[in-house]
Each structure stands twice: as structure tokens, then as C-alpha cells.
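Just so you know, we're using the working numbering here: the sequence shown kicks off at 50 and counts up by one.
The structure appears below as C-alpha cells.
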Amino acid sequence: MSELKGVIGDATKEAMKARDKERLAVLRMVNSELKRIEVDERRELTDADVHSILNKMLKQRQDSLKQFTDAGRDDLAEQEAFEIGVVQAFLPAQLSDAELAALVDKVVTESGASGMQDMGKVMAAVKAAAEGQADMGRASGLVKARLNQ
């Protein structure tokens with residue numbers, strides 16, 4: 050079993066004991082999604098799988114938060130913000146803009162990329178190097194800017 054999945058399970062138990070209903074609901078939702086994917090794919094999840102699932106859930110929550118905020122639904126936006134905080138607690142710290150820019154520069158230099166035709170190669174290397182610590186949307190923008198210089 051994935052170590053991270055065990056940590057999430059332990060956090061669920063702690064939330065039950067603390068009678069923290071809101072946090073428990075989010076953790077149950079995370080466990081449910083992990084279990085659904087395990088059953089659908091008939092395999093045990095690795096830590097990398099759990100990170101990618103959590104990142105997907107985080108992106109969904111961020112999109113919902115933006116939509117709720119734009120629609121003036123502050124009550125739902127507040128709930129999404131809480132869920133984002135709970136999910137982020139199980140993800141590695143995100144790279145800062147400066148760290149991500151340095152990583153992109155390093156990958157472009159190492160790969161010898163010269164133009165936009167090399168973007169796919171550079172993005173694959175950045176994704177492997179960042180290992181869930183960076184939003185690929187942000188990284189894509191930096192790679193485009195760097196390759197268009």
C-alpha cells in the first residue's frame with residue numbers, strides 16, 4: 050500500500066476521533082476517489098499515483114472555487130477553499146515562481162531546446178523534474194516564454 054494513502058487513512062481516523070465533521074467529509078471523499086481508482090484499475094496505488102490523483106482533485110477544487118467566486122456564491126466558495134486546504138496538506142510544497150523559472154531554464158539548457166518545436170520535450174522533462182511540485186499550466190507559460198526568446 051502507498052505510504053501516502055496510509056497517512057490519509059490515519060488522518061481520517063484522527064478526524065473521526067476529534068469529531069471534525071468538515072475535515073472528515075473531505076478525507077472520506079479523498080479515500081473514496083482513491084478506492085474507486087484502485088477498484089477500476091484493479092491494482093494497488095503507488096505514492097506517485099496518489100499524488101497525481103490529489104493534484105487532479107486540487108485542480109477541480111480550484112476551478113470550482115473560481116466559478117463560485119465569479120458567481121457570487123461565497124458559501125460554496127468557502128467550502129471549496131476549505132477542501133483545497135485539506136487536499137494541499139497531503140501534497141508536497143509547490144515550487145515558487147523563481148524556483149520553477151530556474152528549473153525551466155536548467156531543463157531548456159540541458160536539452161538544447163532552441164524553439165517552440167522542442168516544447169513537448171522540455172515539458173516532459175520539467176514534469177519529471179517537478180514531480181507534482183508545480184502546476185504544469187504555470188510551467189507551460191514559462192517554457193513558452195523561454196523558448197520564444
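A virtual CB, placed ideally from N, CA and C, is assigned to each residue, including glycine.
From a predicted model like this one, the values you see are computed outputs, not experimental measurements.
Is the beta carbon of residue i sitting closer than 8 Å to the one on residue j?
i, j, result
"Leu140", "His100", "yes"
"Val136", "Leu103", "yes"
"Leu114", "Ala150", "no"
Relative to the alpha-carbon of residue i, which residue among the options has its alpha-carbon at the smallest distance?
i, options, result
"Thr61", "Leu76, Asp123 and Leu94", "Leu76"
"Lys193", "Ala97, Arg91, Gln166 and Arg72", "Gln166"
"Gly55", "Arg72, Asp96, Arg91 and Lys66", "Asp96"
"Arg72", "Gly134, Ala188, Arg187 and Asp112", "Gly134"
"Lys170", "Leu196, Leu149 and Arg187", "Leu196"
"Ala74", "Glu132, Ala174, Ala138 and Met172", "Glu132"
What is the C-beta distance between residue i and residue j, in whole angstroms, given that I count them as a contact (C-beta under 8 Å)?
i, j, result
"Val157", "Ala178", "Contact flag wrong, Cβ pair sits at about 12 Å."
Is the number of C-beta pairs between the region 176-194 and the region 137-153 that are closer than 8 Å three or more? yes
Three-pair Cβ contact test at 8 Å for the region 107-125 versus the region 80-95: no
For the region 120-139 against the region 159-168, do three or more pairs of beta-carbon atoms, one drawn from each stretch, fall closer than 8 Å, so that the two count as touching? no
Counting only runs of 4+ residues fully inside the region 88-170, write out the alpha helix (DSSP H) ranges in chain order. 96-119, 123-137 and 146-160
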